[in-house]
Structures are given as C-alpha cells and as structure tokens.
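Here's the structure, in structure tokens; my notes come after.
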Amino acid sequence: WPWIYPRWMMGHVKMASEDITKLAESLAKTKVGGGQLSFKGQSLKLNTAEDAEEVIKQIEEFDGLEALRLEGNTVGVEAAKVIAKALEKKSELKRCHWSDMFTGRLRSEIPPALISLGDALIAAGAQLVELDLSDNAFGPDGVRGFEALLKSPACYTLQELKLNNCGMGIGGGKILAAALKECHRKSSAQGKPLALKIFVAGRNRLENDGATALAEAFGIIGTLEEVHMPQNGINHPGITALAQAFSINPLLKVINLNDNTFTEKGAVAMAETLKALRQIEVINFGDCLVRSKGAVAIADAVKEGLHKLKELNLSFCEIKRDAALTVAEAIEDKTELEKLDLNGNCLGEEVCEQLHEILEGFNMASVLGSLSDDEGDEDDDDEEEEDDEEEEEEEEQQQLKERGAEEQESLTPKKIIDSQASTPVPSPPVDVATFLAFPSPEKLLRLGPKCSVLIAQQTDTSDVEKVVATLLRISSVFKDEAPVKTAVHETTDALMKKAFGSATFNSDAFITNLLVHMGLLKSEEKIKTVPSLYGILMTLNHMVQQDYFPKSLAPVLSAFVTNDENCKAQRWNLLLNGTSYCDSNKVSDFSEN
Ligand SMILES: *[C@@H]1O[C@H](CO)[C@@H](O)[C@H](O)[C@H]1NC(C)=O
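Sequential numbering of the sequence shown, starting at 12, is according to the numbering used here.
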C-alpha cells in the first residue's frame, strides 16, 4: 500500500457527527466474531473429561459466549458431560454449530452425549436461534438425543434447524416432527410461538411418511422461509403433503427438494402451492422427475406470479420439447432471475437452440445454464403410458404458441402506439457506465430492478480500487426515501456480496482504500476524497449489519468512526500491522505502549 498516515493525527476530521454516531452504534453491535468461540476443524479427539480440559477452560473464560463451533471434532460421552457442565452457565448461547462432531463414534454414544449437552442448554436458560447437528450419523434414535431440547424453552426462539445427512429415516422424521409441534404448542401458550425460518434435512431417507409427518409440523409453524430436503426418497404422496404445508408458509423463499420423485401428481400439487406463494426466490426441483406435465404446471405458476424468482432448477426431470419452451416463455418478466437450469431433459438440439433464442429475445440469455447433458429428443421412445397424454398436450401447446406468435405479429404496431400514448416523454435509456460516470438517484432507478445484478456483474471485484470507486458512486446518490434507499442498498449488497465472497478479494486493502477516499486516512498519493460522507456512512451503516460483511472488519472501521480515546490505539494498530483487532479487553495493552 502507499504510505498512509491518519488524518486524525492532524486534527482535521470533519464529519457529520450524527451519521457517524449511528454507524458507530451499528458497529458496536457487530461484535468481533459475534461472541463466537470456535474449535472448528481442529480434529480434536475428546474422549475423557481430561481430554476436554482446554475446551472447557476456553468456554468458561469466554464472557458473553453466543456461538460455539464444535464441528470437525469428535466428542465422546464423558467429554460431552464435562463440556455440558461448562455450558450450564452460558445463558447467552444462541448458536450451536455442532455438525460433524462425533466422527468415528458408535451410534450408541451419540444420544447420551447430545442429551448431556441439551440438558445443559436448558439448565442455562439459553435461548437458541440456530442448532446445527448436520453430518452426525445418529440415525433414528439419535433424534431422541435432542428431543427434550427441542421441546424445551431453549428452543422456543429457534430460527434455524439444520439436520443434513443424519440418517434420521422415517422414524427419526416422525420423532422430530412431534417435537417441533410440541415446541410450537408450548411456546404459543407463552405467547411467543416458535417461528422457525430455516429447516434443513437433506439426505435423511425421510421418505413419504417422514416427510408427511414433518409437513404436518410445517403447516402448524407457518413461518418457514427456507426448506431444504433434497435426496430423501420422497414420492408424490409426501411431496403433496409438503406442498399443502408450504401453501400455509407464505414467507417461503427457498424450496429445495432436489433428487426426490415428484412425478406429475406431486409436481402439479407443488405448482398449485407456488401460485399462492409470493416470496419465492429459489426453486430447486432438479432430478425430481417432474416430467412435461409437471413442468407446464410449474411454468404456469411462474408466469402468474413469483416476481422475486432468482433460480429455477428443473434439470434431469424428463421434460420434453414444448414443455421446456413453455418454461422458458414463462420467465419473460422475471427480472430477478439469475439461473434457469433445464439441463438433462429430453429436448434435442433444435429445441436447445430455440430455448436460447427465446431467452435472448427476453434479454436473458445469460440465465440459461448449460444444456450439455441433454438426453435428446426421443421421438420413438418406449414411454407409452405417457405418450398419448403428452402428445395431446404438446399439440395444444403448439397451437397456443402459434396463436401467440400470430397475436404478437399483428399486435406489435398497435402495442407501440398504445404504450406511447400512456407514457409521457420517453427518457433515453441508461446503462451502468452512464450511471457510474454521472451518478444520480434517477439514473439508478432507471437502470431498473436488475440494477444490482448489472452493476455487480460489470464490476471487476478482484480490483479493490474499482470496488471502492463503484461503492462510493452508488452510495453518493443515497436518499432516505423508499425507492432510492432500497436501490442503493440492494445494489451495494450485490456488489459487496460478490466482492467479499471472492477468495481473492483483499478486504483489508478495501477498508484502507475506502478510508482514504472518505478522507479519514491520508495517503501520500493525491487522492480525491468524497465531497460528502452522508451517502457512504448511510451505506456502511447498512452494510455492516449484513451477513456478508466480515465481522473482522468491524473493529477497523469502528476505530475510525468512534471518538473513544481507546480506539486511537486501534488506529495505530491498523497502521502498524495493516489489520486491527478491536477487542475492548485488549485496548489497554496498546495504549500503554
Ligand atoms: C440443478 O439440479 C441438478 C440436478 O440435481 C444439479 O446437478 C445442478 O447443479 C443444479 N443446478 C443449479 C444451478 O444449482
């Protein structure tokens, strides 16, 4: 980096103090590591109480423990007991990242270990938000190991339950469903009903009966936002039960049922449900044997609503020609769509090309995934049962399409006249480059609902300078009014998600560069600072509260926006080491130096 020294040393920092106070407050809430203690991936083999001594010591010494990561270790019954004892005092614990923590254990060891840990959480009076027990092969009986915990007040506040790949089976699914219902009943009686948002249980052989039991619980809960149940051997009765339950979970955003078996019946039921849902962003029915009829039903649901749809996966579903084209046509006005996967169906080369053309016509060619595994157009195939029905359906589709095409041709001139009559003066189109060159709130809005995707796409996020420049330009148009504010937030979210999500992005260099442009750090190179800090402060205030924002950056920023004397030490630390670790307990160490 260029040689940098802080402007505060010269005593010339002028900022809108209220905005800074706001940002400082948000940052204060963004605790370092979120109160998290992590033993993740340490391959600790904890059998005896002695083996667990170091872990226990760290737990005991960690004030305000909110998240405990134990994944990637192996904890035996005795060790679990003593760890549990230490947890009995941790009433602030909210997140248990306890996946893959019994590697190589006997199945019989897991329930008693889980029971000790669960009892400790109950005794502590913890109020969990997230419980992740994925990749622990505890089997059906293992669910008994955390059944009491699930039914206890410790889980009344649960928002995320993750049980991927645990071998629960039908039996485990039923116990789990009953526990969730009990939790909902008891928490409702206290006026705070369980409001589970995320449920994950892929690869568990839940089958129809397990899925149906869970569907009953989902129907009662009603607050789900994401359900991931891929690879569970569920057929149409289970899928239909889930579809019914989903229809009374109006907040659902993500439905991932990849690699189950819908067939037409299940697919049609699910399509009906999709018509009732408004928030859907991700539909993953890949490998689900939705078939042509199901695909058409789903296309219908997509066409009618689902304006927030981002991903539609109908790959490897035995979908044929016209049904696939119907799906493509249904996404015409889905401005949020990022991915359409129709790979592995029975289309044939010609139809694959047609798909591309249709999407190109919508200016959405980039959303279509690869079609490299297409099974080809099987004209003389042996699926006789399906054939009659399908032929009829295909004929109908063909007619519809022809009619559609005629209509379009004959209507085009009139349509243009109509639209001219109703629109006042057509403004010239805006592209990303124009907006970034001379940013204004109007231009950002005129980029349309895809502005966030477009800007993120067109910014080289491996270049820190470019990211900072783009971020500053976008935030410069910030206004505390609904459409502009939302557009700025969504656009910066997309940009920064992409940046922070990239392995090559240097977050420390990013923050330094940003602080320089904000005039909070001075660089030897002449750099133009932003004329007003208002927009960027408002934007940062939003950013630091998002999941994509690395918690480790909070203290660095914090050090520059708080007036606290102690934090000057942190600024020094940033300058000396390039990174800072703002931990109020450690501040004194630095100031003494
Ligand atoms: C869609 O599902 C298929 C089949 O399971 C999977 O291979 C593919 O990765 C998925 N596509 C996307 C875009 O997630």
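Note that the Cβ used here is the ideal one computed from N, Cα and C, for glycine as well.
Please read all numbers here as calculations on a predicted model, not as lab measurements.
Selection from the options that minimises the alpha carbon distance to residue i
i: Asn324; options: Pro494, Leu382 and Gly213; result: Leu382
i: Met554; options: Ser543, Ile522, Ser534 and Lys533; result: Ile522
i: Glu329; options: Ala212, Val307, Asn243 and Val154; result: Val307
i: Gly233; options: Gln255, Gly83, Asn260 and Gly184; result: Asn260
i: Ala498; options: Glu536, Pro248 and Leu458; result: Leu458
i: Ile209; options: Glu89, Lys539, Phe257 and Leu482; result: Phe257
i: Phe296; options: Asn374, Asn243, His318 and Glu343; result: Asn243
i: Asp388; options: Phe73, Leu191 and Val362; result: Val362
i: Asp298; options: Val313, Gln468, Ala282 and Ala278; result: Ala278
i: Thr7; options: Lys51, Thr85 and Asp74; result: A query on residue 7 cannot be resolved here, the shown segment of the chain reaching from 12 to 604 and no further.
i: Ile67; options: Asn215, Arg106, Leu128 and Asp471; result: Leu128
i: Thr284; options: Thr272, Glu315 and Ser303; result: Glu315
i: Ala335; options: Leu348, Ile309, Val293 and Pro123; result: Ile309
i: Ile126; options: Ser110, Glu141, Glu158 and Ala505; result: Glu158
i: Val495; options: Ala467, Ile231 and Leu455; result: Leu455
i: Pro460; options: Arg106, Thr502, Thr445 and Asn271; result: Thr502
i: Phe113; options: Ala188, Pro122 and Ile291; result: Pro122
i: Gln53; options: Ser486, Gly83 and Leu76; result: Gly83
i: Val464; options: Glu453, Val479 and His500; result: His500
i: Ala137; options: Asp152, Asp143 and Leu104; result: Leu104
i: Ala212; options: Val238, His367 and Gln201; result: Val238
i: Phe73; options: Ala90, Gly46 and Val88; result: Gly46
i: Thr251; options: Ser119, Glu275, His318 and Lys533; result: Glu275
i: Val301; options: Cys166, Lys331 and Asn175; result: Lys331
i: Glu120; options: Glu99, Ala131, Gly156 and Lys96; result: Gly156
i: Ser102; options: Ser473, Val140 and Arg118; result: Val140
i: Ser303; options: Thr337, Glu99 and Leu532; result: Thr337
i: Asn246; options: Val567, Asp333 and Asn271; result: Asn271
i: Gly355; options: Asp384, Glu364, Glu347 and Leu205; result: Asp384
i: Asp471; options: Lys345, Ser513, Glu343 and Ser110; result: Ser513
i: Gly7; options: Arg116, Gly305 and Asp311; result: No information on residue 7 is available, as it lies outside the stretch 12 to 604 that the chain covers here.
i: Ser569; options: Leu526, Glu536 and Cys166; result: Leu526
Check: residue i C-beta below 8 Å from any heavy atom of ligand 1
i: Ser326; result: yes
i: Asp385; result: no
i: Asn354; result: yes
i: Glu89; result: no
i: Asn176; result: no
i: Asp298; result: yes
i: Asn271; result: no
i: Gly305; result: no
i: Glu103; result: no
i: Asn260; result: no
i: Gly213; result: no
i: Asn295; result: yes
i: Lys350; result: yes
i: Glu322; result: yes
i: Gly244; result: no
i: Gly380; result: yes
With 16 other Cβ atoms within 10 Å as the buried cut-off, status of residue i
i: Arg484; result: buried
i: Glu340; result: buried
i: Ser543; result: exposed
i: Leu649; result: Not covered by the structure: residue 649. The range shown for the chain is 12 to 604.
i: Glu322; result: buried
i: Asp391; result: A caution first: Asp391 carries a pLDDT of 44, below 50, which makes its placement in the model unreliable, though a value can still be read off. Label assigned to Asp391: exposed.
i: Ile538; result: exposed
i: Gly183; result: buried
i: Thr515; result: exposed
i: Ile466; result: buried
i: Lys203; result: exposed
i: Asn596; result: Here the model assigns Asn596 a pLDDT of 33, short of 50, so the residue's position is not dependable, and the following value carries that caveat. Burial call: exposed.
i: Ala608; result: Look at the range of the chain in this structure, 12 to 604, and you will see that residue 608 is not part of it.
i: Phe449; result: exposed
i: Ser326; result: buried
i: Asn524; result: buried
Any chain B beta carbon closer than 9 Å to residue i
i: Gly213; result: Included in the structure is just one protein chain, with no chain B present.
Quick one: which unbroken alpha helix (DSSP H) runs of 4-plus residues sit fully inside the segment 110-179? Chain order, please. The segment 110-179 contains these whole alpha helix (DSSP H) runs: 121-135, 150-153 and 155-162.
Extract the residue ranges of the alpha helix (DSSP H) inside the segment 330-404, only unbroken runs of 4 or more that lie entirely within it. Counting only unbroken stretches of 4 or more residues, the alpha helix (DSSP H) elements lying wholly within the segment 330-404 are 332-341 and 360-372, in sequence order.
Output the residue ranges of the alpha helix (DSSP H) runs that lie fully inside the segment 496-577 and measure 4 residues or longer, sorted by chain position. The qualifying runs are 518-528, 545-554 and 565-572.
Quick one: complete alpha helix (DSSP H) runs, 4+ long, within the segment 208-252? Secondary structure in the segment 208-252: the alpha helix (DSSP H) runs of 4 residues or longer, each lying completely within the stretch, are 218-232 in chain order.
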